Amino acid sequence: MELWHSLKFKLIFFCCILTLGLSLSFGVWLYHTTQTQYRSQQIDHIRYTQENSLLSVSSSFQQLQRYAYLMSNDADISAYLNSLSIYEEDFTYKVVKAVTAVQTISSSNSVRYIDKMMLSSRRHYHCILSGSLSGSQSDIYDFYRLCPPTDSMSLFPYKISESPFIYRSRESTVLPVKFRVYTNYSKYAGDLYIALNTDFFADAFESFQEYYLILGDYCYYVHDGQFQTVEIPIKEDISAYKSAMVNQGSRPLITAADGTEMILSGSPTMDLYLLNPLPKAGIALPFANVLLDGLLILGIVMFIFFFFYLMMQKFITRPVREIKRQLQQISRGDFSLPGDAGDRGGIREFTEIFVQLDQVSRDLSAMILQLQAEEANKRNYEFRLLQNQIHPHFIYNTLNSIRWLGELNGLPSIVDMTTSLSSMLKKVFRSSSEWTTVSEEVAFIREYAHLQSFRYGDTFRMEYDIQDESLYDVWILRFTLQPLVENAIFHGIEPSRRRGVIQIRIFRDGGDLVLDVRDNGIGMDQTELENLMSHPGHTDQISGIGIRNIHQRIFMEFGAPYGLEIESVKNEFTCIHIRMPLLAEQPEAAAAVQTVKQ
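Count the sequence shown with the numbering used here and you get residues -4 to 593, in order.
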């Protein structure tokens, strides 16, 4: 179990993981790259084959169009088509001449995929049948059934159907095609009907085992030469792709509804398009090649693994072992580490760690000596503290003696004065904490003001304005208000030689507590204000605690923006604003609870 948590085991483990990851990543990258190249070549091959096949179809179809062109320019055929009746004197002669012309054109422009061909006059009065198959008079009606009248401008407005010409040796399918025949004066004379065997397309696209052939408004799925009418296997409207081929000449890659990727190519002028599915099978590489490449990759990765392991051993494992040894030495209390101790591996970070270890060793040694000296000082301080505790009891006993003499001699002012002083001293010596509540601080100020009234009489009076009762439970720093009230009496009201008022106002300001001490004494000008806050040696002569010291206590405890602000107008007033955070509980107690929780 300990071996699993060792650095050496983790390094070996991570090296193995790294090796495996590199092998898998390289293998995936190689496979992906090969597949991508193969796929690109496959697409290029399909597009090249599509282009050649479409050129072949286009060339063969032009020969069919040439039939109509030659018949439109033949005078005998025009005369026959324009005959009004079979009873004309020379009608038989016209028939013979027209049949001869049709045979001549057919023999000179042979297209072996024409199963049957019919030349018909505009009003279907006269018909001439021709083609590679013999037939009967009923073939005329089969042509009219296969090629009904239509307004479509496509070259392929009719659907592929089973061949109705029964004299064919085997069942087959044909594509009906109809061309118009004109006279020498471009006058519509008749129609040329052609039953084009579907081998016309099957042979042209024989390089493809399966494909989709779009002719006009019809789509056919072709597999092994068999044509099946289907819907176009594309979610989107194919007209957008057709427009792209017309405008940009591109052959887009399309995703079918079933997720199969297809290549669209075609001839917009013929309204003929070809959709070829991309094969889903991957690359079948020879096993020997795969094995050889795998062994080569494994050998390279294993070499990298051992090299990486040796480097980790030299630059990480050894320095870490040395750090562990030095820490164990420190834990035993031996702080005498040489500055150049240990194998640092030649790495700057480890060198810095060793330097810090040396520094920590020296600091711990100095800290232990300092703690020993502080422990001795603490014992001396506790002894002096026990001695000083005698002084408050001596003072209390003396005050009680003075109070008893006042009561004995009927002097109530002496009794009242010693009672107030005793109450104040009890508040001072009762707690060593620097925190108190607003209630206790205000009570202390009331006792202090009462004590000063024996000296100044009715020269001043106190006014208290507490925003609400809940503020009495808020915690503040001890002796925050007393030095300011003392300063207001001695340096504000007494020099003014008039009756004064000292106002203490306590209120909330957002999340802060504000305490204002205001007097209507002699006030201060701007120079006196600056001197008051800028000279740390300036202190009140009676209390011994300067205003700046109060500001520094609050600022050091809470930071900005807390502290004192002084507002004063010469011969009018002075107002000191004290800002502290609003503390609902004693900070020292809260910190102790938090420490216990931690």
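For each residue, glycine too, the CB sits at the ideal point set by N, CA and C. Keep in mind the model is a prediction, meaning the values are calculated, not measured.
{"Item": "Whole beta strand (DSSP E) runs in the segment 472 to 524 with 3 or more residues, listed along the chain?", "Value": "495 to 504 and 507 to 514"}
{"Item": "Could you spell out where the beta strand (DSSP E) holding Ser116 opens and where it closes?", "Value": "Ile109 to Ser116"}
{"Item": "Considering just the uninterrupted stretch of the beta strand (DSSP E) at Met457, what are its terminal residues?", "Value": "Phe455 to Ile461"}
{"Item": "Short check: CB of Pro582 to CB of Phe553, under 7 Å?", "Value": "no"}
{"Item": "In terms of DSSP beta bridges, what is Pro576 paired with?", "Value": "Asp507"}
{"Item": "Nearest-angstrom Cα distance between Glu442 and Asp411?", "Value": "11 Å"}
{"Item": "Can you list the beta strand (DSSP E) stretches of 3 or more residues lying completely in the segment 187 to 273, in chain order?", "Value": "205 to 210, 213 to 218, 221 to 225, 248 to 250, 256 to 262 and 267 to 272"}
{"Item": "Can you name the start and end residues of the alpha helix (DSSP H) that Leu446 belongs to?", "Value": "Val433 to Tyr451"}
{"Item": "I'd like to check one pair, Leu170 with Leu187: are the Cβ atoms closer than 7 Å?", "Value": "no"}
{"Item": "Tyr213 and Tyr207: beta carbons closer than 7 Å?", "Value": "no"}
{"Item": "Span of the beta strand (DSSP E) holding Leu141?", "Value": "From DSSP, Leu141 is part of no beta strand (DSSP E) but of the alpha helix (DSSP H) over Ser133 to Leu141."}
{"Item": "If you draw a straight line from the alpha carbon of Glu256 to that of Leu273, how long is it in whole angstroms?", "Value": "6 Å"}
{"Item": "Who are Lys173's beta bridge partners in DSSP?", "Value": "Tyr188"}
{"Item": "Would you give the residue range spanned by the beta strand (DSSP E) that Ser125 belongs to?", "Value": "Cys122 to Ser125"}
{"Item": "On the criterion of 16 or more Cβ atoms from any shown chain inside 10 Å, does His218 qualify as buried, or is it exposed?", "Value": "exposed"}
{"Item": "Could you say if the segment 294 to 304 and the segment 23 to 34 meet the contact criterion of at least three C-beta pairs nearer than 8 Å?", "Value": "no"}
{"Item": "Given that a residue counts as buried once 16 or more other Cβ atoms are within 10 Å of its Cβ, and exposed if not, what is Gly516?", "Value": "buried"}
{"Item": "Contact between the segment 501 to 510 and the segment 462 to 478 is defined here as three or more beta-carbon pairs at a separation below 8 Å; is this criterion met?", "Value": "yes"}
{"Item": "Terminal residues of the continuous alpha helix (DSSP H) containing Ile542?", "Value": "Ile542 to Phe553"}
{"Item": "Between the Cα of Gln45 and those of Ala199, Glu489, Glu317 and Pro228, spot the shortest distance and give me the residue it belongs to.", "Value": "Ala199"}
{"Item": "What is the DSSP secondary structure of Gly294, counted as helix, strand or coil?", "Value": "helix"}
{"Item": "With Ser73 as the anchor, note down where its alpha helix (DSSP H) starts and where it stops.", "Value": "Ala70 to Leu76"}
{"Item": "Tell me, please, which residues DSSP counts as bridged to Ser563.", "Value": "Thr569"}
{"Item": "How about the segment 396 to 406 and the segment 427 to 447: do they share at least three Cβ pairs that are nearer than 8 Å?", "Value": "no"}
{"Item": "Quick check: what's the CA-CA separation for Ser260 versus Pro247?", "Value": "8 Å"}
{"Item": "Between Glu84, Leu364 and Arg574, which lies nearest to Ala555 when the distance is taken from Cα to Cα?", "Value": "Arg574"}
{"Item": "Roughly how many angstroms lie between the CA atoms of Ser158 and Val52, to the nearest whole one?", "Value": "21 Å"}
{"Item": "Distance, Cα to Cα, Glu369 vs Met306?", "Value": "49 Å"}
{"Item": "Alpha carbon to alpha carbon, how far is Ser67 from Tyr139? Give it in angstroms, no decimals.", "Value": "21 Å"}
{"Item": "Note the first and the last residue of the continuous alpha helix (DSSP H) segment covering Ile100.", "Value": "Phe86 to Ser103"}
{"Item": "Between the Cα of Gln498 and those of Glu481, Ser428 and Tyr33, spot the shortest distance and give me the residue it belongs to.", "Value": "Glu481"}
{"Item": "Do you know how far the Cα of Ala251 is from the Cα of Pro228?", "Value": "6 Å"}
{"Item": "If you reduce the DSSP assignment to three classes, tell me which class Glu157 lands in.", "Value": "strand"}
{"Item": "Run through DSSP, which three-state label would Thr145 get?", "Value": "coil"}
{"Item": "Closer than 8 Å is the cut-off here; do at least three beta carbon pairs connect the segment 319 to 330 with the segment 352 to 367?", "Value": "yes"}
{"Item": "Could you tell me the distance, in whole angstroms, from the CA atom of Phe8 to the CA atom of His27?", "Value": "28 Å"}
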